[in-house]
Amino acid sequence: MHFHLSFIASALSAGTVFSFAPTIGQSNLRASSSLQMSADDTVTLGIFGGGTVGGGIVEILSKKKSYFQQLTGKNIEVKKVCVRDASKPRDFTLPEGCSVVTSYDDILNDDDIDIAVEVMGGTTDAKDVVMGALKNGKSVVTANKALIAKDLGEIESLVSSLDGDTQFRYEAAVCGGIPIIRSMQSDFVGDEINLMSGIINGCTNFMLTAMDRDGKSYDEALSQASDLGYAEADPTLDVGGFDARSKLKILMRLAYGIDVEEDEISCRGITELTKIDFGYAKTLGGTIKLLGVAEKSDSGEVSAFVSPCYVTNDDPLSSVNGATNAIEVISDNLVSSIYIGQGAGRFPTANSCINDIVALAKGDMTPLPFNPKSSDAKFVNNYESVFFLRLSYRDQVGITRQVGEICEKHGVSIHSILQNPIAKSQESAFAIVTEKVEYAAIVRVMADIEALNWCKGKPFYMPVLREDWQF
51 MHFHLSFIAS
61 ALSAGTVFSF
71 APTIGQSNLR
81 ASSSLQMSAD
91 DTVTLGIFGG
101 GTVGGGIVEI
111 LSKKKSYFQQ
121 LTGKNIEVKK
131 VCVRDASKPR
141 DFTLPEGCSV
151 VTSYDDILND
161 DDIDIAVEVM
171 GGTTDAKDVV
181 MGALKNGKSV
191 VTANKALIAK
201 DLGEIESLVS
211 SLDGDTQFRY
221 EAAVCGGIPI
231 IRSMQSDFVG
241 DEINLMSGII
251 NGCTNFMLTA
261 MDRDGKSYDE
271 ALSQASDLGY
281 AEADPTLDVG
291 GFDARSKLKI
301 LMRLAYGIDV
311 EEDEISCRGI
321 TELTKIDFGY
331 AKTLGGTIKL
341 LGVAEKSDSG
351 EVSAFVSPCY
361 VTNDDPLSSV
371 NGATNAIEVI
381 SDNLVSSIYI
391 GQGAGRFPTA
401 NSCINDIVAL
411 AKGDMTPLPF
421 NPKSSDAKFV
431 NNYESVFFLR
441 LSYRDQVGIT
451 RQVGEICEKH
461 GVSIHSILQN
471 PIAKSQESAF
481 AIVTEKVEYA
491 AIVRVMADIE
501 ALNWCKGKPF
511 YMPVLREDWQ
521 F
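So the sequence shown is numbered by the working numbering: it starts at 51 and just counts up by one.
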């Protein structure tokens with residue numbers, strides 16, 4: 051098992067070339083030499099976003115200025131920071147010679163700026179900034195997973211049409227400070243990835259840890275996450291699993307060479323989880339994690355989902371708690387590789403942006419930022435797993451018989467039926483663990499059970515991560 055906790059990029063030499071760099075509404079000729087555009091010994095940045103991550107980038111660059119100069123042979127300077135409100139106080143000190151601007155064009159149309167760093171977020175203005183910078187011959191560093199997931203194909207098409215010196219880097223877009231993107235671009239090129247499974251959203255992992263370890267309810271855990279800044283004012287993207295789905299889509303393209311529409315990936319968040327589910331998970335000898343999972347079969351079919359999953363206590367992902375992220379990659383050559391670290395926050399995210407900036411300053415080249423497309427992999431909107439089902443009920447005769455008949459009707463074999471002691475009648479529920487079965491069959495079973503008059507509320511189901519689990 052390989053634990054990747056650091057990444058060292060190799061520098062590539064680059065020659066001087068001339069390239070056309072159209073700006074918005076005009077074109078001009080610029081001399082470039084793999085980011086030696088402003089001066090032979092200077093790489094100049096324009097940062098879009100002066101908030102948490104933007105401030106972290108400025109602070110790291112200032113703190114390690116001398117080291118970066120020795121490492122790259124270049125002075126890395128921040129020339130402009132673009133913000134919405136220039137009068138708003140900032141929690142970082144601007145470098146000497148750096149100005150705060152409010153117009154995107156102040157950076158986009160500045161020919162002295164070599165790298166545009168986008169950490170403003172969103173998918174509208176941010177897209178204009180990223181695409182405009184690339185068209186103007188500026189390399190881009192971004193932390194915007196939502197933008198990449200939404201417009202990956204368009205970004206890829208634009209990058210492929212540009213001069214090779216114009217690079218697109220996005221290490222911070224997936225799992226913050228964990229170097230998973232560059233590892234996917236370089237460490238698995240001679241390998242075949244069979245399975246990726248990961249805790250790729252810090253907010254929900256913090257909440258599930260609180261529900262499991264501290265016995266908190268969903269609402270209590272969400273409130274605590276909000277108080278600590280892990281949850282947004284509108285937490286839907288996190289708790290609904292959508293943030294994790296965006297990251298999973300990007301990882302799938304890197305690992306399997308396929309570009310899948312996000313809506314095609316099955317996505318279920320943590321809003322339906324209760325203390326009862328964690329009680330059964332403990333009875334089974336495990337816990338519950340929100341995971342993004344993608345798997346490629348021997349026939350080349352790729353399946354994927356985001357969902358709460360039952361994970362046994364001896365699984366490496368079960369002990370990853372709090373806001374920490376972790377990804378396990380199962381492959382032919384390396385077998386099992388685990389990446390673990392901080393998935394969000396000022397300095398973890400800024401650190402990944404810095405790594406991209408330094409790599410560009412050194413002249414590292416990534417002609418295909420999303421890796422080559424696959425000619426044979428095919429996405430299937432279905433997957434097979436062992437499943438955990440939780441059914442809340444009104445007491446009556448024949449419940450287990452009816453459940454058994456419905457499962458038989460849809461070809462679902464029952465492995466075991468569990469019922470923990472019931473303290474309150476309103477918490478009457480029992481759990482079923484199935485044998486390995488298709489997800490589509492479980493959806494049909496759940497729909498039929500929900501229609502029965504004894505079923506209280508919507509039945510809950512989740513995959514069991516490993517099919518070789520034991521109870």
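From the three backbone atoms N, C-alpha and C, an ideal C-beta is built for every residue, glycine too.
Given this structure, state the Cα-to-Cα distance separating residue i from residue j, to the nearest angstrom.
i	j	result
Leu-212	Ala-199	21 angstroms
Gly-319	Val-169	26 angstroms
Ile-157	Lys-185	13 angstroms
Ser-424	Ser-189	26 angstroms
Asp-498	Ala-196	35 angstroms
Ser-316	Ser-353	9 angstroms
Asn-244	Asp-382	7 angstroms
Pro-419	Asp-241	18 angstroms
Lys-299	Asp-445	43 angstroms
Leu-278	His-460	45 angstroms
Cys-505	Thr-216	58 angstroms
Val-385	Glu-477	43 angstroms
Arg-303	Gly-265	38 angstroms
Ser-60	Cys-457	Only weak support is given to the placement of Ser-60: the predicted model assigns it a pLDDT of 36, under 50, and the value that follows is read from those uncertain coordinates. Looking at the two C-alpha atoms, the distance is approximately 55 angstroms.
Ala-71	Gly-172	A caution first: Ala-71 carries a pLDDT of 37, below 50, which makes its placement in the model unreliable, though a value can still be read off. C-alpha separation (whole angstroms): 25 angstroms.
Leu-79	Tyr-389	Below a pLDDT of 50, predicted positions are generally treated as unreliable, and Leu-79, at 33, falls in that range; no measurement from the model is reported.
Arg-516	Val-361	8 angstroms
Pro-417	Gly-214	7 angstroms
Val-180	Ile-492	42 angstroms
Measuring CB to CB, does residue i end up less than 8 angstroms from residue j?
i	j	result
Val-93	Lys-124	yes
Phe-429	Ile-308	yes
Pro-513	Ser-357	yes
Ala-394	Gly-252	yes
Tyr-306	Lys-346	yes
Val-128	Val-150	no
Gly-226	Asn-405	no
Ala-344	Met-234	no
Ile-165	Val-191	yes
Ala-13	Leu-502	This structure leaves residue 13 out entirely; the chain is present only between 51 and 521.
Val-483	Ser-466	yes
Phe-142	Gly-99	no
So what does DSSP say about residue i, is it helix, strand or coil?
i	result
Leu-515	coil
Leu-144	coil
Gln-392	strand
Ser-368	coil
Glu-127	strand
Ala-176	helix
Phe-256	helix
Asn-375	strand
Thr-416	coil
Ala-166	strand
Gly-227	coil
Tyr-117	helix
Pro-509	coil
Lys-554	Residue coverage of the chain in this structure runs from 51 to 521, which leaves residue 554 outside it and unanswerable.
Arg-318	coil
Any beta carbon from chain C within less than 8 angstroms of residue i's own beta carbon?
i	result
Thr-416	Within the model displayed, chain C is absent; a lone protein chain is all it includes.
Is residue i near the ligand ATP, judged by its Cβ being under 7 angstroms from some heavy atom?
i	result
Ser-189	With respect to small molecules bound, the structure shown includes none, and the ligand ATP cannot be examined in it.
Quiz item: Three or more beta-carbon pairs under 8 angstroms between the region 266–278 and the region 336–354, yes or no?
Solution: no
Quiz item: Below 8 angstroms, can you find three or more Cβ-Cβ pairs linking the region 367–375 to the region 255–266?
Solution: yes
Quiz prompt | the region 277–294 contacting the region 429–442, beta-carbon criterion three pairs below 8 angstroms | solution = no
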